[in-house]
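Residue numbers (our numbering), protein chains in the order written: chain S, 382 to 796; chain G, 61 to 417.
Glycine included, C-beta positions come from ideal geometry on N, C-alpha and C.
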Amino acid sequence: MHNKLKLSSVFVCCSLAMSNHVIAQDSVFVGHLADMSGPTAFVGKNYADGVRDSLAYINENGGISGTRLESETIDYAYKVPQAIASYKKWYSRKKMVAMQGWGTADTEALISFVARDKVPVFSASYSGHLTDPTGKNPHTKKPAPYNFFYGASYSDSCRGLVQWAAEDWKKKGGKGNPKFTHLGANHPFPNAPKEACAEYATELGFDVQPAIVISMKPGDFKAQCLSLKSSGSNYGYIGNLGGSVLSLVKSCNTVGTDIQFMSNIWGGDKKIFNAAGEGIKDYIFPTMTPFWEDQAPGMKLVREISKQSDPSGQEQRVHHYIRGVCSTFYMKEAMEWAKENGGITGENIKKGMYVKKNWVPKGLEGVCLAANWSKDDHRGVNQVNIYKGNYNKGNVTAEKVSVVTLERRDDWLGY
Amino acid sequence: MSSLTMRPCGDFRTSYKQDNTIYETKTIRNVAIIAIALLCCAPFLVDAYFLTLFIQISYLGIAALGLNILVGYTGQISLGHGAFFGFGAFASAWLNMSFGIPVLLCIPIAGFLTMLVGMLFGLPASRIKGLYLAIATLAAQFILEDFFARAQWFTGGSAGSSADPVSIFGFVFNTDRSFFYIALFALVFMYIWGCNLMRSREGRAFIAVRDHYLSAEIMGIKLNKYRLLSFGVSSFYAGIGGALYAHYLGYVSAEGFTLFMSIQFLAMIIIGGLGSIKGTLMGVVFMVFLPEVLESGVGLMKMTDWGNIPMVVDGLAYIKEMAIGLVIILFLIFEPEGMAHRWAQIKNYWKFYPFSY
Chain S
382 MHNKLKLSSV FVCCSLAMSN HVIAQDSVFV GHLADMSGPT AFVGKNYADG
432 VRDSLAYINE NGGISGTRLE SETIDYAYKV PQAIASYKKW YSRKKMVAMQ
482 GWGTADTEAL ISFVARDKVP VFSASYSGHL TDPTGKNPHT KKPAPYNFFY
532 GASYSDSCRG LVQWAAEDWK KKGGKGNPKF THLGANHPFP NAPKEACAEY
582 ATELGFDVQP AIVISMKPGD FKAQCLSLKS SGSNYGYIGN LGGSVLSLVK
632 SCNTVGTDIQ FMSNIWGGDK KIFNAAGEGI KDYIFPTMTP FWEDQAPGMK
682 LVREISKQSD PSGQEQRVHH YIRGVCSTFY MKEAMEWAKE NGGITGENIK
732 KGMYVKKNWV PKGLEGVCLA ANWSKDDHRG VNQVNIYKGN YNKGNVTAEK
782 VSVVTLERRD DWLGY
Chain G
61 MSSLTMRPCG DFRTSYKQDN TIYETKTIRN VAIIAIALLC CAPFLVDAYF
111 LTLFIQISYL GIAALGLNIL VGYTGQISLG HGAFFGFGAF ASAWLNMSFG
161 IPVLLCIPIA GFLTMLVGML FGLPASRIKG LYLAIATLAA QFILEDFFAR
211 AQWFTGGSAG SSADPVSIFG FVFNTDRSFF YIALFALVFM YIWGCNLMRS
261 REGRAFIAVR DHYLSAEIMG IKLNKYRLLS FGVSSFYAGI GGALYAHYLG
311 YVSAEGFTLF MSIQFLAMII IGGLGSIKGT LMGVVFMVFL PEVLESGVGL
361 MKMTDWGNIP MVVDGLAYIK EMAIGLVIIL FLIFEPEGMA HRWAQIKNYW
411 KFYPFSY
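See the structure below:
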């Protein structure tokens, strides 16, 4: 008993001592929330690896013009209380200047805190309502002045896909109005683009069908596929990710629906296509980056970064990884600007995000799309690359079918 | 529970007043008052990290106490507590945003609204028991979760809804330091209320219903009334906890009020001690600190050279998740009556030291 007590008190003392250790002068702290063991770990791990490797790479190569990046990755397993506690710990103890966040859960729980504390957050939650920093659009419930993300919002991606679908329908010589259905769980993430996208689809002459609810967890979706079949939908937008998409594709194949699937950015990558197997045929999905095998000039740097956690360089990263890299490098360049213009603080990093126009981080040409953030418009990217995935008996391919550039319509800001 | 049935010999109470005190002895009362006074100074002594943990303990603790009144004192079961917590959060934000009611009023009104909803879903409780009731309340969880995602006018749908911070006479409680006092006040108020409820006629009726519903009915206790009332009180507490959560974060999203949260509330009261008010608080403290302690363990590993490689850190993250489950299982095996029981035993040990029996 005494030994146990001694041991535990030593442990407590150590942890107290460690948590109060002094940070060296020329370093700034960046927090990194990741989900590697929770419900979104399927893609969360890939994205987190991208962010973490980039942070390590930046440090190895001079940091932020000489300033070291202190960082800590916490796997919060998609639990809001852990995300809040980690944020508070970083903000109060380590003087965090910026944060790399992850999903809808943590990003939305922290909106008010980061706005008040002036800590820019670079999330992988692409909800449209995060793009309205001043609350101009009446749809915006809560302005999110310190939230940034790299890529088109869920709504904009869906609009891009719908635009592609309208052209595709014409090209195929379809008669009448094509039918469009939203498929996804009744949950903030799949629901995020639901209305915005349906509105635009109606504008483009689609006959929008009632949305079909498909659980986020993998299951048997034949009943849903049958109702898809009976409604005669031509285009279906998939709002889910991971195993749920797999089950959906397989179930609908069994039922024999004749529908063109289009998924959100998290619902299509080569890992899914490999796992789904034969069912994947002309599966449409958006991306914001090239693929691992593509020969873009910036991919050289991405492969270097990947060696941080995979020294052999053998691992084939999915495109979510590369998006994590882009997100980190935009933050890095904004920090560099901040360092030259008054010091690396959250406020200056935010200003740094608005400086460059058609901004591509140095060394990542051809990887990250040109982005434009401005004081009252956080829609960084308004371009959607549309790819088509095929299984081809084990030879998984993804070919680019179209690039849609969306207008920056005022009524789409934050929606 | 143990203090009622297993009172140590030599401890006689000669009047109803003595039997009915909140604090068993004067010393305990003084310690409690001093502890609260010390907590009032906490914002000047500790940083935002500990304050945010305390605030978490406060809003989760209030909701957990509600569940303990239902499960521990009345012997009913509810698997929908997380959803009621969420309902309170949305209701308070909705009242505040749509009608411009001051936040301080919104919180209790949200509590009462949640109470109504809770009683509606608790209606089956007057007819069914045990596993059947568990499944009936599970339905409440799923119905409410779906409602949160659909009811645009109430929750803002997928965009969520924002909530103003608490303000009194122009002073805005929007920092951890200032909100700490709101959380502390709410916690103390609701716990004293809980203690008083249990000392009252209604509280005794709850316990009677739990211990033997047939005898209770024969004694003239209306089973339906008290079962339903217990659901109401429990949801009221959940609603107050949820409302505090909403105004602390300033933003409510339909994420998070899942079945997992309901289970976590159950875990808190089982670990703390069913049918014990201070046990509830102990369970909540335990559940809030456990992941943080494990996280700091992982943090310690990261400080070392051999530990700070992604493989080890990721492995530890999994172990951390598993350890939470493991600790709960160990608790159930070795402390089936909860932390409150252990605390009572430690107290007894010292009271009779060195002649413990």
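Is F529(S) helix, strand or coil when you go by DSSP?
In the first sequence, the residue the question calls residue 529(S) occupies position 148. In the structure shown, F529(S) sits in a strand (DSSP, three-state: E or B).
Is L98(G) buried or exposed, if buried means 16 or more other CB atoms sit within 10 Å of its CB?
Walking along the second sequence from the start, residue 98(G) turns up at place 38. Answer is exposed; the Cβ neighbour count stays below 16.
For L283(G), return the contacting residues in chain S, with the cut-off set at a CB-CB distance below 7 Å.
Counted from its first residue, the second sequence places residue 283(G) at position 223. Within chain S, no residue comes near L283(G); the closest Cβ sits about 36 Å away, beyond 7 Å.
Would a check of beta-carbon distances place Y472(S) closer than 8 Å to chain G?
If you number the first sequence from 1, residue 472(S) lands on position 91. It does: the Cβ of Y472(S) has a partner Cβ on chain G nearer than 8 Å.
Three or more C-beta pairs under 8 Å: does that hold for the segment 671 to 680 of chain S against the segment 426 to 438 of chain S?
no
Inside the segment 450 to 492 of chain S only - alpha helix (DSSP H) runs reaching at least 4 residues
461 to 474
Quick one: which chain S residues come within Cβ less than 7 Å of L309(G)?
Along the second sequence, one-based indexing puts residue 309(G) at 249. Simply A490, S493.
Secondary structure at D663(S), three-state DSSP: helix, strand or coil?
Residue numbering aside, residue 663(S) sits at position 282 when the first sequence is read from its first letter. It is coil, neither helix nor strand.
What separation, rounded to the nearest whole angstrom, lies between the Cα atoms of T85(G) and R287(G)?
The residue given as residue 85(G) occupies position 25 in the second sequence. The residue given as residue 287(G) occupies position 227 in the second sequence. Cα-Cα distance, rounded: 32 Å.
Check whether the Cβ of S158(G) lies closer than 8 Å to any Cβ atom in chain S.
What you label residue 158(G) is simply residue 98 of the second sequence in a count that begins at 1. Taking Cβ atoms only, chain S never reaches closer than 8 Å to S158(G), which makes this a no.
In chain G, which residues lie with their C-beta within 9 Å of the C-beta of K522(S)?
As a working note, residue 522(S) is residue 141 in the first sequence. The contacting residues are M157, G216, A219, G220, S221, S222, Y311.
Using 8 Å as the threshold, is the C-beta distance between I686(S) and V706(S) below it?
For the purposes of this step, residue 686(S) is taken as the residue at position 305 of the first sequence. For the purposes of this step, residue 706(S) is taken as the residue at position 325 of the first sequence. For I686(S) and V706(S), yes; Cβs fall inside 8 Å.
What is the rounded straight-line gap between the Cα of M480(S) and the Cα of S612(S)?
Taking the first sequence and counting its residues from 1, one reaches residue 480(S) at position 99. Taking the first sequence and counting its residues from 1, one reaches residue 612(S) at position 231. Rounded to the nearest angstrom, the two C-alpha atoms are 45 Å apart.
I'd like the ranges of any beta strand (DSSP E) spanning at least 3 consecutive residues and lying wholly in the segment 68 to 106 of chain G.
none
Between Y133(G) and I455(S), what straight-line distance do the alpha-carbon atoms span, to the nearest angstrom?
Within the second sequence, residue 133(G) is the residue found at index 73, counting from 1. Within the first sequence, residue 455(S) is the residue found at index 74, counting from 1. Between Y133(G) and I455(S), the C-alpha separation is close to 38 Å.
I'd like the list of long-range same chain contacts for T670(S), defined as Cβ closer than 6 Å, with 5 residues on each side in sequence excluded.
Stepping through the first sequence from its first residue, residue 670(S) is reached at position 289. Around T670(S): H700, I703, R704, V748.
Is R59(G) close to chain S? Criterion is C-beta to C-beta, closer than 8 Å.
Here chain G has residues from 61 to 417 only, and residue 59(G) is not among them.
Please compile the residues from chain B whose C-beta is within a distance smaller than 8 Å of the C-beta of R698(S).
The structure shown contains no chain B; its protein chains are S and G.
For S75(G) and T197(G), I'd like the C-alpha separation in whole angstroms.
Your numbering for residue 75(G) matches position 15 in the second sequence. Your numbering for residue 197(G) matches position 137 in the second sequence. In a straight line, the C-alpha of S75(G) is about 41 Å away from that of T197(G).
Outcome for W647(S) when other beta-carbon atoms lying within 10 angstroms are tallied against a minimum of 16:
Position 266 of the first sequence, counted from the start, is the residue given in the question as residue 647(S). When all chains shown are included, W647(S) counts as buried.
For L155(G), three-class secondary structure by DSSP
Walking along the second sequence from the start, residue 155(G) turns up at place 95. L155(G) falls in the helix class under three-state DSSP.
Which stretch, first to last residue, makes up the alpha helix (DSSP H) that contains T364(G)?
Position 304 of the second sequence holds residue 364(G). Here T364(G) belongs to no alpha helix (DSSP H), and DSSP marks it neither H nor E.
Own chain partners of E696(S) with C-beta closer than 8 Å, once the 5 adjacent residues on each side are dropped
What you label residue 696(S) is simply residue 315 of the first sequence in a count that begins at 1. Cβ within range, chain order: S687.
Touching or not, the segment 498 to 511 of chain S and the segment 531 to 548 of chain S, by the rule of three or more beta carbon pairs under 8 Å?
yes
Note down, in chain order, each residue of its chain lying with its Cβ closer than 8 Å to the Cβ of S400(S), except the 5 sequence neighbours on either side.
For the purposes of this step, residue 400(S) is taken as residue 19 along the first sequence, with counting starting at 1. For S400(S), the pLDDT reaches just 46, beneath the cut-off of 50, and the residue's location in the model is therefore unreliable, although a value from the coordinates is still provided. If we look at S400(S) and ignore the five residues flanking it on each side, its Cβ neighbours are R474.
L113(G) versus chain S: which residues are under 7 Å apart at the beta carbon?
Sequence index remark: in the second sequence, residue 113(G) carries index 53 (1-based). Those are A466, listed as they occur along chain S.
If you run the structure through DSSP and keep just helix, strand and coil, what is Y702(S)?
By 1-based counting over the first sequence, the position of residue 702(S) is 321. Helix.
Pull up the CB-CB distance for P519(S) and K731(S), whole angstroms please, since I reckon it's below 8 Å.
Indexing the first sequence from 1 puts residue 519(S) at position 138. Indexing the first sequence from 1 puts residue 731(S) at position 350. About 24 Å separates the two Cβ atoms, so there is no contact after all.
When DSSP labels each residue in this structure, what does V226(G) get in the three-state scheme?
Within the second sequence, numbered from 1, the residue matching residue 226(G) stands at position 166. Here V226(G) sits in strand by DSSP.
Spatial distance of M250(G) from Y297(G) (CA atoms)
As a working note, residue 250(G) is residue 190 in the second sequence. As a working note, residue 297(G) is residue 237 in the second sequence. Going by the C-alpha atoms only, they are around 8 Å apart.
Would you mind giving the Cβ-Cβ distance between G220(G) and P569(S), rounded to the nearest angstrom? I have them listed as a contact below 8 Å.
Indexing the second sequence from 1 puts residue 220(G) at position 160. Indexing the first sequence from 1 puts residue 569(S) at position 188. Right, the Cβ-Cβ distance comes to about 7 Å (below 8 Å), so this counts as a contact.
Round the Cβ separation of Y308(G) and A490(S) to the nearest angstrom and send it over; I've been treating them as touching at under 8 Å.
By 1-based counting over the second sequence, the position of residue 308(G) is 248. By 1-based counting over the first sequence, the position of residue 490(S) is 109. No, Y308(G) and A490(S) are not in contact; Cβ-Cβ is about 10 Å, not under 8 Å.
Do I137(G) and A209(G) have their C-beta atoms within less than 8 Å of each other?
Residue 137(G) sits at position 77 when you count from the first residue of the second sequence. Residue 209(G) sits at position 149 when you count from the first residue of the second sequence. Contact flag unset, no.
Element boundaries [beta strand (DSSP E), containing K769(S)]:
As a first step, residue 769(S) must be located in the first sequence, where it is residue number 388. K769(S) -> beta strand (DSSP E) spans 764 to 771.
Assumed close pair G398(G), G343(G) - CB separation to whole angstroms, cut-off 8 Å:
Taking the second sequence and counting its residues from 1, one reaches residue 398(G) at position 338. Taking the second sequence and counting its residues from 1, one reaches residue 343(G) at position 283. Confirmed, Cβ separation roughly 7 Å.
Is the CB of E262(G) under 8 Å away from at least one CB in chain S?
As a working note, residue 262(G) is residue 202 in the second sequence. So no, E262(G) is outside the interface.
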